[in-house]
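Colleague: Here the protein sequences come in this chain order: A and B.
Numbering-wise, the first sequence is residues 1 to 263 according to full-length UniProt numbering.
Numbering-wise, the second sequence is residues 1 to 259 according to full-length UniProt numbering.
We put the CB at the ideal spot given by N, CA and C, even for glycine.
Small disclaimer: the values here were computed from a predicted structure and weren't measured.
Next up is a structure, given as structure tokens.
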Amino acid sequence: MEEKATTAEPKEKKTHDKQEVVIEIKHLKKSFGNKDVLKDINLVVHRGENVVVLGKSGQGKSVTIQCIVGMLTPDDGTLKVFGEEVPGLKEKELKELRIKIGFLFQSGALYDSMTVRENLEFPLTRVLKIKDQAEIDKRVEEVLEGVGLADAIDKMPSDLSGGMRKRAGLARTLIIKPEIMLYDEPTTGLDPITSREISELILNMQKKYKTTSIIITHDMECARITADRVVVMNDGEYIEEGSFDGLQKSKNKIVQSFFKDIS
Amino acid sequence: MAEEITIPGWKKWLEDIGEQVSFFIRFFKNIFAGGFEWSEFVRQCYEIGYRSMTLVGITSFIMGVVLILQLRPTLVSFGAASMLPKTLSVSFIREIGPVIIAIICAGKIASSIGAELGSMKVTEQLDAMDVSGANPLQYLVVTRILATTVMVPILSVIGDAIGLFGGFLALNLRDHINISLYATKVISSLDYTDFLPAFIKTIFFGLAIGFVGCYKGFHSSKGTESVGLAANSAVVTASLWIFVIDAIAVQITSILFYK
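In structure tokens form, the structure reads like this:
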């Protein structure tokens with residue numbers, strides 16, 4: 001396949017290379033029925049890095065991060081997070097790992113029977129088992145302030161706009177201070193201005209909480225703002241990777257198709 | 001391209017049975033896993049019990065009235081009009097009350113739990129809870145199943161009382177009987193072999209209603225249509241389970257008490 005595995009520029013020698021590897025994926029495969037969604041995924045993510053995975057809808061971008069967090073079990077390959085093989089983890093070990101990983105769903109996935117405050121208190125009381133109400137209130141207010149939703153603290157999710165739901169979802173994920181953040185299409189369904197605000201928020205939160213992130217998107221503006229490194233996915237494989245600017249010069253037609261509207 | 005694999009119907013059925021057993025075991029383990037969600041349990045008791053009270057009350061009242069109106073002509077023709085309180089109380093307490101109330105609860109509660117959890121699955125709320133490291137089974141399933149197990153018997157007792165009161169009012173449409181005589185006749189015609197087995201089976205009715213609602217909601221597929229299917233399937237399956245449990249309970253009761 002001529003489109004495969006050519007890099008737009010030599011992989012950047014950033015400081016990340018010498019840092020700790022937090023996610024390591026080798027030859028990952030996953031099928032649903034007779035459809036091979038992930039054919040051969042290889043990816044290394046270093047601590048503090050923001051990796052954006054670009055790809056068309058239905059290419060299996062979300063499946064990769066669902067495997068990372070143990071929602072799906074890969075059929076073959078190696079998937080290590082903090083050096084631990086995720087598919088081999090026992091229930092208790094997986095739960096401990098999940099506390100270190102934040103997952104922002106496309107819809108925000110707020111618990112719709114609870115207010116924003118209760119949504120944020122939920123992981124604090126159920127996952128971190130914090131009992132001190134003053135500590136809970138402090139953390140809730142601090143993280144809501146950070147995402148600009150302090151005024152919506154007692155609102156129900158049904159009273160929030162799409163952008164506010166994403167912010168609240170992000171706040172709920174960040175409140176347990178995860179080391180890794182996985183974003184599943186964080187700007188889908190939002191207007192361009194709100195999309196930009198969310199993208200900038202992701203970047204600011206990454207700096208503030210010093211997280212390592214994988215951002216699944218097909219929003220080029222989001223990729224431009226947030227990415228340290230961009231990986232392009234097509235037909236179940238990562239076909240090219242590099243910096244956002246570097247990939248703009250790629251000769252690969254599939255990669256070009258992502259960048260043609262912004263160049 | 002790999003060939004499409006078709007799984008035979010019986011195999012799917014067996015898989016479903018296996019999943020239900022596994023879900024029940026996980027539910028049971030989570031009861032004793034620590035960190036019981038008391039506030040959510042109390043909220044569910046209120047939602048399931050208190051909010052079903054009006055429906056159960058009206059239905060039971062009408063059942064009591066209708067039974068007396070239906071029974072009266074037959075018993076009068078045998079000159080046994082005085083047997084009306086006894087006939088009503090025994091039939092209502094032993095069988096009609098618990099089963100009708102459980103069916104009403106299956107329609108209201110199992111469908112509501114199935115739809116709620118199904119909708120949480122569709123909107124990724126269950127996944128969000130799971131990947132955050134929280135335990136959705138403990139928060140959502142244990143509380144709901146235990147709440148139905150506690151509240152359906154209580155609703156059944158209240159429904160029985162309202163049904164018998166409806167019977168008293170219906171009796172007074174044609175005949176004249178004061179409340180204390182009616183109450184005396186009802187109480188004297190019942191003993192623990194009428195009340196106890198009926199009460200015990202309502203505990204199992206409640207368990208079945210909560211379990212089926214939660215199972216169907218948790219195992220709905222990801223699409224808006226699946227929410228409706230989960231609710232519908234929960235009602236049908238829970239109703240079927242109620243009749244199966246009733247049939248088993250009658251057999252056990254007959255062997256133990258009515259030799």
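Could you tell me the distance, in whole angstroms, from the CA atom of residue 234 of chain A to the CA atom of residue 129 of chain A?
Modeller: When rounded, the distance between both Cα atoms is 42 angstroms.
Colleague: Rounded to whole angstroms, how far is the Cβ of residue 245 of chain B from the Cβ of residue 204 of chain B, which I believe are closer than 8 angstroms?
Modeller: The pair is a contact, with the Cβ atoms about 5 angstroms apart (cut-off 8 angstroms).
Colleague: Entirely within the segment 69-125 of chain A and at least 4 residues each: give me those alpha helix (DSSP H) ranges in chain order.
Modeller: Listed in chain order, the complete alpha helix (DSSP H) runs (minimum 4 residues) inside the segment 69-125 of chain A are 91-99.
Colleague: Would you mind reading off the limits of the alpha helix (DSSP H) that contains residue 150 of chain B?
Modeller: Run containing residue 150 of chain B: 143-174, per the alpha helix (DSSP H) assignment.
Colleague: Between the segment 139-146 of chain B and the segment 87-96 of chain B, do at least 3 Cβ pairs fall closer than 8 angstroms?
Modeller: Too few Cβ pairs lie closer than 8 angstroms, so no.
Colleague: Are the beta-carbon atoms of residue 83 of chain A and residue 218 of chain A separated by less than 8 angstroms?
Modeller: It is not a contact, given that the beta carbons lie outside the stated cut-off.
Colleague: Are the Cβ atoms of residue 160 of chain A and residue 171 of chain A separated by less than 8 angstroms?
Modeller: Going by C-beta atoms, residue 160 of chain A is not nearer than 8 angstroms to residue 171 of chain A.
Colleague: Are the segment 80-92 of chain B and the segment 214-228 of chain B touching by the rule of at least three beta carbon pairs closer than 8 angstroms?
Modeller: Not touching, per the Cβ criterion.
Colleague: If you scan the segment 98-148 of chain B from start to end, which runs of the beta strand (DSSP E) of 3 or more residues do you find wholly inside it?
Modeller: DSSP runs (the beta strand (DSSP E)) wholly in the segment 98-148 of chain B: none.
Colleague: With 8 angstroms as the threshold, decide whether the Cβ of residue 209 of chain A is near any Cβ in chain B.
Modeller: Chain B, which has no Cβ nearer than 8 angstroms to the Cβ of residue 209 of chain A, makes this no.
Colleague: In chain order, what residues of the same chain lie with their CB nearer than 7 angstroms to the CB of residue 152 of chain B, ignoring the 5 residues before and after it?
Modeller: 102, 105, 202, 205, 206 and 209, listed in sequence order.
Colleague: Give the interface partners of residue 87 of chain A over in chain B, defined as CB-CB distance under 9 angstroms, in chain order.
Modeller: What residue 87 of chain A touches in chain B: nothing, since even the nearest Cβ is about 15 angstroms away.
Colleague: Classify residue 147 of chain A as helix, strand or coil using the three-state DSSP reduction.
Modeller: Correct three-state label for residue 147 of chain A: coil.
Colleague: With a threshold of 8 angstroms between beta carbons, is residue 95 of chain A in contact with chain B?
Modeller: So yes, residue 95 of chain A belongs to the interface.
Colleague: Give me, in chain order, the residues of the same chain whose beta-carbon lies closer than 8 angstroms to that of residue 44 of chain A; leave out the 5 immediate sequence neighbours on both sides.
Modeller: Here the set comprises 21, 23, 24 and 25.
Colleague: Who are the neighbours of residue 109 of chain A on chain B, taking C-beta pairs under 8 angstroms?
Modeller: 123, 124, 125, 127 and 128, listed in chain order.
Colleague: Entirely within the segment 143-216 of chain A and at least 3 residues each: give me those beta strand (DSSP E) ranges in chain order.
Modeller: Listed in chain order, they are 180-184.
Colleague: By the 8 angstroms beta-carbon criterion, what residues does the segment 128-142 of chain B contribute toward chain A?
Modeller: Of all residues in the segment 128-142 of chain B, 128, 129, 130, 131, 132, 133, 134, 135 and 139 have a Cβ within less than 8 angstroms of some Cβ in chain A.
Colleague: Please confirm if residue 259 of chain A has its CB atom under 8 angstroms from at least one CB of chain B.
Modeller: For residue 259 of chain A, the answer is no, since every Cβ of chain B falls outside 8 angstroms of its Cβ.
Colleague: Under 7 angstroms between beta-carbons, which chain B residues line up against residue 99 of chain A? List them in chain order, please.
Modeller: By Cβ distance, chain B contributes 133.
Colleague: Between B:215, B:257 and B:253, which lies nearest to residue 17 of chain B when the distance is taken from Cα to Cα?
Modeller: When only C-alpha atoms are compared, the closest one is B:215.
Colleague: Nearest chain B C-beta to residue 192 of chain A closer than 8 angstroms, yes or no?
Modeller: For residue 192 of chain A, the answer is no, since every Cβ of chain B falls outside 8 angstroms of its Cβ.
Colleague: Hey, out of A:241, A:76, A:196 and A:209, whose CA is closest to residue 226 of chain A's CA?
Modeller: Considering only alpha carbons, the answer is A:196.
Colleague: Under DSSP, the alpha helix (DSSP H) around residue 185 of chain B begins and ends at which residues?
Modeller: First-last of the alpha helix (DSSP H) with residue 185 of chain B: 179-189.
Colleague: Against residue 71 of chain A, what residues of chain B qualify as contacts under a CB-to-CB distance less than 9 angstroms, listed in chain order?
Modeller: In chain order: 127, 130 and 131.
Colleague: Quick check: what's the CA-CA separation for residue 153 of chain A versus residue 108 of chain A?
Modeller: One C-alpha to the other measures close to 16 angstroms.
Colleague: Helix, strand or coil: how does DSSP classify residue 207 of chain B here?
Modeller: DSSP places residue 207 of chain B in helix when its eight states are reduced to three.
Colleague: Assuming the contact rule is C-beta atoms closer than 8 angstroms, residue 167 of chain B and residue 88 of chain B should be a hit. Round their C-beta distance to whole Å, please.
Modeller: Sure, about 5 angstroms apart at Cβ, within 8 angstroms.
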